[in-house]
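>
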Amino acid sequence: MPVFKTPFNGYSVKFSPFYESRLAVATAQNFGILGNGRVHVLDLSPAAPALTELVAFDTADGVYDLAWSESHDSLLIAAVADGSVKIYDTALPPTANPIRSLHEHTREVHSADYNPTRRDSFITSSWDDTVKLWTVDRPTSVRTFKEHAYCVYNATWNPRHSDVFCSASGDCTLRIWDVREMGSTMIIPAHEFEILACDWNKYDDCLIASASVDKSIKIWDVRNYRVPIAVLNGHGYAVRKVKFSPHKRNLLASCSYDMTVCLWDFMVEDALVGRYDHHTEFAVGVDMSVLVEGLLASTGWDELVYVWQQGMDPRAV
Amino acid sequence: MEKALHRQRILLQHLQPSSSQTSDSPAISASICSAGEAAGYHRKPAFDDDVVIVAAYRTAICKAKRGGFKDTLADDLLAPVLKAVIEKTRLNPSEVGDIVVGTVLAPGSTRAMECRMAAFYAGFPETVPLRTVNRQCSSGLQAVADVATAIKAGLYDIGIAAGLESMTVNSISVVGQVNPKVEIFTQARDCLLPMGITSENVAQRFGVTRQEQDLAAIESHRRAAAATASGKFKDEIIPVNTKIVDPKTGVEKRVTISVDDGIRPNTTIADLAKLKPAFKKDGTTTAGNASQVSDGAGAVLLMKRSLAVQKGLPILGVFRSFAAVGVDPSVMGIGPAVAIPAAVKSAGLQLDDINLFEINEAFASQYVYCIKKLGLDPEKVNVNGGAVALGHPLGATGARCVATLLSEMKRRGKDCRFGVISMCIGSGMGAAAVLERGDCVDELCNARMVPTHTHLSKDAK
Chain E
1 MPVFKTPFNG YSVKFSPFYE SRLAVATAQN FGILGNGRVH VLDLSPAAPA
51 LTELVAFDTA DGVYDLAWSE SHDSLLIAAV ADGSVKIYDT ALPPTANPIR
101 SLHEHTREVH SADYNPTRRD SFITSSWDDT VKLWTVDRPT SVRTFKEHAY
151 CVYNATWNPR HSDVFCSASG DCTLRIWDVR EMGSTMIIPA HEFEILACDW
201 NKYDDCLIAS ASVDKSIKIW DVRNYRVPIA VLNGHGYAVR KVKFSPHKRN
251 LLASCSYDMT VCLWDFMVED ALVGRYDHHT EFAVGVDMSV LVEGLLASTG
301 WDELVYVWQQ GMDPRAV
Chain P
1 MEKALHRQRI LLQHLQPSSS QTSDSPAISA SICSAGEAAG YHRKPAFDDD
51 VVIVAAYRTA ICKAKRGGFK DTLADDLLAP VLKAVIEKTR LNPSEVGDIV
101 VGTVLAPGST RAMECRMAAF YAGFPETVPL RTVNRQCSSG LQAVADVATA
151 IKAGLYDIGI AAGLESMTVN SISVVGQVNP KVEIFTQARD CLLPMGITSE
201 NVAQRFGVTR QEQDLAAIES HRRAAAATAS GKFKDEIIPV NTKIVDPKTG
251 VEKRVTISVD DGIRPNTTIA DLAKLKPAFK KDGTTTAGNA SQVSDGAGAV
301 LLMKRSLAVQ KGLPILGVFR SFAAVGVDPS VMGIGPAVAI PAAVKSAGLQ
351 LDDINLFEIN EAFASQYVYC IKKLGLDPEK VNVNGGAVAL GHPLGATGAR
401 CVATLLSEMK RRGKDCRFGV ISMCIGSGMG AAAVLERGDC VDELCNARMV
451 PTHTHLSKDA K
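In order, the protein sequence lines correspond to chains E and P. When the letters of the first sequence are read in order and numbered with the UniProt record's numbering, they come out as residues 1 to 317. When the letters of the second sequence are read in order and numbered with the UniProt record's numbering, they come out as residues 1 to 461.
#1: Could you work out which residues of chain E lie near residue 15 (chain P), taking near to mean beta carbons separated by less than 7 Å?
#2: Using a beta-carbon distance below 8 Å, is residue 315 (chain P) in contact with chain E?
#3: So, is residue 182 (chain E) buried or exposed, given that buried needs 16 or more other C-beta atoms within 10 angstroms?
#4: Measuring alpha carbon to alpha carbon, tell me which of P:15, P:372, P:7 ends up nearest residue 193 (chain E).
#5: Roughly how many angstroms lie between the CA atoms of residue 220 (chain P) and residue 360 (chain P), to the nearest whole one?
#6: Where residue 98 (chain E) and residue 26 (chain E) are concerned, what is the direct C-alpha to C-alpha distance, given to the nearest angstrom?
#7: Mind listing, in chain order, the continuous beta strand (DSSP E) runs of no fewer than 3 residues lying wholly within the UniProt domain "Thiolase C-terminal" (314 to 437) of chain P?
#8: Check whether chain E comes within 8 Å of residue 4 (chain P), counting only Cβ atoms and requiring the distance to be less than that.
#9: Can the beta-carbon of residue 320 (chain P) be found less than 8 Å from the beta-carbon of residue 436 (chain P)?
#10: When you compare each of P:101, P:104, P:83 to residue 94 (chain P) by their alpha carbons, which one comes out closest?
#11: Please report how far the alpha carbon of residue 197 (chain P) lies from the alpha carbon of residue 280 (chain P), in whole angstroms.
#12: Looking only at its own chain, which residues have a Cβ that is under 7 Å from the Cβ of residue 147 (chain E), when we skip the five neighbours before and after it?
#13: Would you call the region 275 to 293 of chain P and the region 141 to 161 of chain P touching, i.e. three or more CB-CB distances under 8 Å?
#14: So with CB distances below 8 Å, who are the chain E contacts of residue 8 (chain P)?
#15: Whole beta strand (DSSP E) runs in the region 40 to 121 of chain E with 3 or more residues, listed along the chain?
#16: So, does the CB of residue 42 (chain E) fall closer than 8 Å to a CB anywhere in chain P?
#17: Which residues in the same chain have their Cβ closer than 6 Å to the Cβ of residue 40 (chain P), if we skip the five residues on either side of it in sequence?
#18: Could you pull out every residue in the same chain whose Cβ sits closer than 8 Å to the Cβ of residue 205 (chain P), ignoring the five residues on either side in sequence?
#19: Name, please, each residue of chain P whose Cβ falls closer than 9 Å to the Cβ of residue 213 (chain E).
#20: Closer than 9 Å between beta carbons: that is the criterion. Which residues of the region 187 to 202 of chain E meet it against chain P?
#21: Quick one: which residues of the region 132 to 153 of chain E get their C-beta closer than 9 Å to a C-beta of chain P? List them in chain order.
#22: Look up residue 242 (chain P) in the DSSP assignment and say whether it is helix, strand or coil.
#23: Need the endpoints of the alpha helix (DSSP H) that residue 210 (chain P) sits in, please.
#24: Over what stretch of residues does the alpha helix (DSSP H) that includes residue 274 (chain P) continue unbroken?
#25: Rounded to whole angstroms, what is the Cα-Cα separation between residue 161 (chain P) and residue 410 (chain P)?
#26: Just tell me which of P:391, P:398, P:11, P:29 has its CA closest to the CA of residue 301 (chain E).
#27: Using the rule of at least 16 other Cβ atoms within 10 Å of the residue's Cβ for burial, across every protein chain shown, is residue 43 (chain P) buried or exposed?
#28: Is the CB-CB distance between residue 213 (chain E) and residue 238 (chain E) below 8 Å?
#29: May I have the straight-line CA-CA distance separating residue 429 (chain P) from residue 269 (chain P), to the nearest angstrom?
#30: Does the Cβ of residue 179 (chain P) have 16 or more other Cβ atoms within 10 Å, making it buried, or fewer, making it exposed?
#31: Measuring only the C-alpha atoms, how far is residue 87 (chain E) from residue 307 (chain P)?
#32: Tell whether a beta-carbon distance below 8 Å holds between residue 380 (chain P) and residue 356 (chain P).
#33: Roughly how far, in whole angstroms, is the beta-carbon of residue 105 (chain E) from the beta-carbon of residue 130 (chain E), given that I think they are within contact range, below 8 Å?
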């Protein structure tokens, strides 16, 4: 299974929605605490199973997250730790990049997500307690959503409803927003501790997964938000990212500070389907490919990016 | 720094959440690492001013007077390795700040001239200086240490450390006019002991039996043969085009020497048992369990890490420390047992942190003693054979050990992190150097199942 070593510590990995062999990795120097960052665009060459670098973009501060554009196959949004959001075009040479640098957040931008249905806008969430909505053509944000009381770690669009998104915050709540409404439409006090990630189910538009510092992942139905549908325990430390499978309704992947990537089936009693402990440092980024069923990618602070098929050993040669 | 502290606070909150709902950030302050000085765990960062090794190559090692290099002049042995470190790294030779060559037996000034000439053969411009260094058997390693020290001191940024010995041309000879003071100064007198006698002294004083020595010799041959057969030495050996003159007919033939010719893969304990002691009647040191007299050369290219990264050169190894120590000349073979702990300590490590050793097998007696004294795992020492099988071209040995050690560490992958090279030195010394595996070698070879994670630092246990 191919492995790629990045010079900096990995933070996020995302498969391209256009090319099944392409993925991007966000990295930051010195574990994202101090130093530069780099975005790598990698290609999974089919011949020799290896990950080769197509292009890399350097940034002045660590890159905490990435989002591929759903409208243009070469555009990439990078969430940078100095508060800026940078848009890269992989078709242009590194000297012409970034094509846009949007600096409105006052603290670190922790996540970026591109609208998969509307395809013209994206949201970024930041440690300045806000979520901002942007379109690629406008130089300023379209709207700022400010209600959370602490860092907003993740904001993800609903895959079915083009104007609905969910945000996960360190104030221990999930908030559902509709961009057409005044404020948040729902507040779910999901955990007793900080919530680090959230994701919508790709087959049931009412289900959300929240990953928390309390080491659990909870699955919520927004129609009955008082009690979670499932609580997935098994991680040894805070869960950093959670991602529902684009191919199976009940499958989700998560990565955690306990250095493992876990696969869960939340409809089953003993939910843990698989555990991969290939990382030797915090596993902070995980993604499941939309174009290739079962293809997983993960990255961590051990500076390695692994791409593997579900069921196989990520470290097998 | 405020930003960095804030980010650390946020990360700490993920790992140690305070039960209160308020964003009551815990106070963060810098403190000394509780694991203390024992930092074998990946706590050593890569600094740009580390001295790194970007290339290390050697010639094959051949038996003196009878082997592949018997008709090769010394400067023709050195030139190919000097050329190789430049060609393989595509470095501009004029950027090299100095060349230091460890070489022992030849008359100092003459050999230094020959080495300078070899640099010209290798394509170095007149602007690159050269000098030789002699600390007997450790000269090759001393050259590496000298270049590393000079780079660290800022004398130049790129240096080549080499080792050269043609024991066909120069043999070990006895000191001509012995100073009468040796009657009074016994240790001075002991400096003049033939090396084989010091080997017998070690064997006798520390109880190393003939059996143990012969077994060590066989293991050396077996490992060297296996390494040669599996092609492990191909990465580090530079083929040398030279001539061989048939001793009977005088006919000259062009040959290319690229294989060590001292290895005897089929040696058995019975064969060795037949050999008579070579240095002392009723002794235990024979020609079979002593290092061979050989010809060979090696070269190592060193530079600052920042320069290597800038030039895009893969970092083969990092120079961490060097120690030269003195011991009783009559048992000079114990040198490594004293030098290795000194070098390891000076690198801020413990003996357990070292994953691979190259201890020169000057004599199986001293080699076996050192392993026992330090309690080393034989599986970690001389894994591709040693001087008993390969040969000991005195000045070249240190440099050739660098090539062999770093190649093996590169093959073994990320968990083979630290290596030590050490040798005993005639007249009662020992030298050792600690090298670290390069962290940016080209191929990633860590695809191994790890049964249990042992990544907790020592203070967590």
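For every residue, glycine included, the Cβ atom is placed at its ideal position computed from N, Cα and C.
The structure says:
#1: Start at 1 with the first residue of the second sequence, and residue 15 (chain P) comes out as number 15. Chain E residues near residue 15 (chain P): 237, 238, 257.
#2: Reading the second sequence from its first residue, position 315 is the one you call residue 315 (chain P). No - not a single Cβ of chain E is within 8 Å of the one on residue 315 (chain P).
#3: For this step, residue 182 (chain E) is matched to residue 182 along the first sequence. Exposed, by the Cβ-count rule.
#4: Taking the first residue of the first sequence as 1, we reach residue 193 (chain E) at position 193. Of P:15, P:372, P:7, the residue nearest in Cα terms is P:15.
#5: Within the second sequence, residue 220 (chain P) is the residue found at index 220, counting from 1. Within the second sequence, residue 360 (chain P) is the residue found at index 360, counting from 1. About 11 Å.
#6: Counting from one through the first sequence, the residue named residue 98 (chain E) turns up at place 98. Counting from one through the first sequence, the residue named residue 26 (chain E) turns up at place 26. Whole-angstrom Cα-Cα distance: 14 Å.
#7: 317 to 326, 356 to 359, 418 to 425, 429 to 437
#8: The residue you call residue 4 (chain P) lines up with position 4 of the second sequence. At least one chain E Cβ lies under 8 Å of residue 4 (chain P).
#9: Position 320 of the second sequence, counted from the first residue, corresponds to residue 320 (chain P). Position 436 of the second sequence, counted from the first residue, corresponds to residue 436 (chain P). Closer than 8 Å, so yes.
#10: Position 94 of the second sequence, counted from the first residue, corresponds to residue 94 (chain P). Among P:101, P:104, P:83, the Cα nearest to that of residue 94 (chain P) is on P:83.
#11: Taking the first residue of the second sequence as position 1, residue 197 (chain P) is located at position 197. Taking the first residue of the second sequence as position 1, residue 280 (chain P) is located at position 280. Cα to Cα, residue 197 (chain P) sits roughly 7 Å from residue 280 (chain P).
#12: In the first sequence, counting from the first residue as 1, residue 147 (chain E) sits at position 147. Closer than 7 Å at Cβ, skipping near neighbours: 175, 183, 184.
#13: Taking a cut-off of 8 Å on C-beta distances, the region 275 to 293 of chain P does not touch the region 141 to 161 of chain P, as fewer than three cross pairs fall below it.
#14: Locating residue 8 (chain P) in the second sequence gives position 8, counting from the first residue. Residues of chain E passing the Cβ test: 33.
#15: 50 to 59, 63 to 68, 75 to 80, 84 to 89, 100 to 103, 109 to 114
#16: If you number the first sequence from 1, residue 42 (chain E) lands on position 42. It does not; no Cβ of chain P falls within 8 Å.
#17: On the second sequence, position 40 is the one that residue 40 (chain P) refers to. For residue 40 (chain P), the predicted model reports a pLDDT of 49, less than 50, meaning its position is unreliable and no value from the coordinates is stated.
#18: Taking the first residue of the second sequence as 1, we reach residue 205 (chain P) at position 205. Around residue 205 (chain P): 331.
#19: The residue you call residue 213 (chain E) lines up with position 213 of the first sequence. Going along chain P in sequence order, the residues near residue 213 (chain E) (Cβ under 9 Å) are 13, 14, 15, 17.
#20: 192, 193, 194, 196
#21: 149, 150, 151
#22: The residue given as residue 242 (chain P) occupies position 242 in the second sequence. Note: residue 242 (chain P) maps to strand in three-state DSSP.
#23: Residue numbering aside, residue 210 (chain P) sits at position 210 when the second sequence is read from its first letter. Looking at the DSSP string, the run of the alpha helix (DSSP H) that includes residue 210 (chain P) is 210 to 229.
#24: Here residue 274 (chain P) refers to the residue found at position 274 when the second sequence is read from its first residue. Secondary structure note for residue 274 (chain P): its alpha helix (DSSP H) is the uninterrupted segment 269 to 274.
#25: Counting from 1 along the second sequence, the entry for residue 161 (chain P) is found at position 161. Counting from 1 along the second sequence, the entry for residue 410 (chain P) is found at position 410. If you take the alpha carbons of residue 161 (chain P) and residue 410 (chain P), they lie about 20 Å apart.
#26: Position 301 of the first sequence, counting from 1, holds the residue named residue 301 (chain E). Per the Cα distances, P:11.
#27: The sequence position of residue 43 (chain P) within the second sequence is 43, counting from 1. Caution applies to residue 43 (chain P), whose pLDDT of 49 falls short of 50 and renders its modelled position unreliable; the model cannot decide the point.
#28: As a working mapping, residue 213 (chain E) is identified with position 213 in the first sequence. As a working mapping, residue 238 (chain E) is identified with position 238 in the first sequence. In this structure, residue 238 (chain E) lies closer than 8 Å to residue 213 (chain E) by Cβ.
#29: Residue mapping note: residue 429 (chain P) aligns to position 429 of the second sequence, counting from 1. Residue mapping note: residue 269 (chain P) aligns to position 269 of the second sequence, counting from 1. Near 31 Å, if we compare the C-alpha coordinates of residue 269 (chain P) and residue 429 (chain P).
#30: By 1-based counting over the second sequence, the position of residue 179 (chain P) is 179. With fewer than 16 other Cβ atoms within 10 Å, it is exposed.
#31: Within the first sequence, residue 87 (chain E) is the residue found at index 87, counting from 1. Within the second sequence, residue 307 (chain P) is the residue found at index 307, counting from 1. Their Cα atoms are separated by approximately 32 Å.
#32: For this step, residue 380 (chain P) is matched to residue 380 along the second sequence. For this step, residue 356 (chain P) is matched to residue 356 along the second sequence. Against a cut-off of 8 Å, the Cβ pair of residue 356 (chain P) and residue 380 (chain P) comes out as a contact.
#33: The residue you call residue 105 (chain E) lines up with position 105 of the first sequence. The residue you call residue 130 (chain E) lines up with position 130 of the first sequence. Rounded, the Cβ-Cβ distance is 7 Å, consistent with contact.
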